[in-house]
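The block underneath contains the structure these notes are about, expressed in structure tokens.
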Amino acid sequence: MENQKVYIITGLSGSGKSTAIQAFEDASFYCIDNMPMELIPKFLELPLKDTFVVKGTAFVMDMRSMNFIQNYAADISAIENLGISPQIIFLDAGVDTLLKRFSQTRRHHPLAHATSLLESIKSEKQSMQSIKQLAHHIIDTSTYNVHQLKSVILDLIHEGKKRISLMKINILSFGFKYGIPNDADLIMDLRFLANPYFVPELKNLDGESEAIKKFVTTNPETIAFLDKYTILLDYLIPLYKRENKAYLTIALGCTGGRHRSVAIARSIFEHLNKKGLTPGIIHRDIDRDVKEI
């Protein structure tokens, strides 16, 4: 019980609490939005039976809950009585920023009953001052986009230590005649390479066979391509990581998805694997019937 990591994310409406909770989810925390604070002690006494490793618990709570401010101090004390010291993260933002965000999303402010949006924002700012003063971490999100805020939250979770990238890389081979994969982030057309399909003794093999690999990867044009393309990937992947992208799918296509794309996908996989990136690899169309062109 005492070793549980518990975070309470609170702050102003429109300040980025949804983005913050997503960052906690990516960091393998059990997350709950808008739970009444008085229920948290009971919840924390329950064993989590999920099969994945839970690193802690994060709750989003704010003025959507009745009596949030009035009961805040007592509810925090009830959590601390369990031997748990919750970390309070307060997200703030300027009035002009909040006005712009509500205008863009067209959402109603939780306090917008009979008052204007501006009055609701100012009222919430004033009401939440007592909560803000008790927070362990105060983050002004006025100048952050969602990716920057997510990065700030992840750095906070990992206490400034170098964190392992959460991005999952998948290498996908496919055939253009069966359609471009919808989940592809980067697509490379390999139909400029010599095609083993037209070599009788290679036609019925696939790109995982040694004969096809040798035919494709020893071609001087392939060697030059792989050299340039792996340099490009080595440059791009850290940039995608910096943006906290959850998945990166690198799709490599040839005509039927059986020969060239499979062999090149395997080469790219081996290159990234040597760099410790542990990518996945999928040959979407390798077993489709080979048809006459």
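In my numbering, the protein residues as written are 105 to 397. Note that the Cβ used here is the ideal one computed from N, Cα and C, for glycine as well.
Would you decide whether residue i is buried or exposed? Buried here means 16 or more other CB atoms lie within 10 Å of its CB.
i	result
H398	Coverage of the chain is limited to positions 105 through 397, which leaves residue 398 absent and any answer about it impossible.
L116	buried
S119	buried
M165	buried
M167	buried
A350	exposed
L148	buried
L238	exposed
K379	exposed
K121	buried
Comparing alpha-carbon positions, which option in the options lies nearest residue i?
i	options	result
I316	G360, A350, T209 and L306	L306
L195	Q233, F172 and S189	Q233
N175	G160, I368 and E142	E142
M139	E223, F172 and G120	F172
F329	Y248, L297 and H240	L297
N249	L294, I235 and L202	L202
V114	K236, T219, M292 and Q208	Residue identity check: residue 114 is Thr in the sequence provided, not Val. When only C-alpha atoms are compared, the closest one is K236.
P300	S313, I385 and D293	S313
T322	P342, M167 and S371	S371
L336	F206, M292 and F133	M292
V199	I385, R211 and K229	K229
R392	K121, L309, K379 and L343	L309
K159	I180, Y134, A369 and R346	Y134
L290	Q108, K379, F302 and T334	T334
P93	R205, P324, E149 and L381	Lying outside 105 to 397, the shown extent of the chain, residue 93 is not represented and no answer is given.
L294	L260, A369, R210 and S169	A369
If I'm right that residue i touches residue j with Cβ under 8 Å, what's the distance once you round it to whole angstroms?
i	j	result
A178	Y111	Their Cβ separation, rounded to whole angstroms, is 19 Å, which puts A178 and Y111 out of contact at 8 Å.
P145	L186	6 Å
S231	H213	Rounded, the Cβ-Cβ distance is 13 Å, inconsistent with contact.
H240	I192	5 Å
T123	A197	That pair is no contact at about 12 Å.
S227	L215	6 Å
S132	V157	6 Å
Once the 5 residues before and after residue i are set aside, which same chain residues still bring their CB inside 7 Å of it?
i	result
P383	I273, N274, I275, F373, L376 and N377
F278	P285, A355, G357, G361, S365, R388 and D389
D137	I125 and V164
A288	L276, T353 and A355
K281	T359 and G360
T326	L297 and V320
I242	F194, D196 and K236
K332	none
R205	G118
Going by beta carbon distance, what residues of the same chain come within less than 6 Å of residue i, once the five residues before and after it are set aside?
i	result
G311	H363, V366 and A367
P190	V110, I112 and I183
A127	K254, I257 and L258
P324	none
Please return the same chain residues whose Cβ sits closer than 8 Å to the Cβ of residue i, not counting the five positions on each side in sequence.
i	result
N348	A127, D130, H251, K254, S255, L258, L270 and M271
Q108	L148, G160, T161 and I188
Exercise for the section: Counting only runs of 3+ residues fully inside the stretch 106 to 165, write out the beta strand (DSSP E) ranges in chain order. Expected result: 110 to 115, 133 to 137 and 160 to 164
Problem - Length at least 3, wholly inside the stretch 266 to 344: the beta strand (DSSP E) runs in chain order - result: 272 to 279 and 290 to 293
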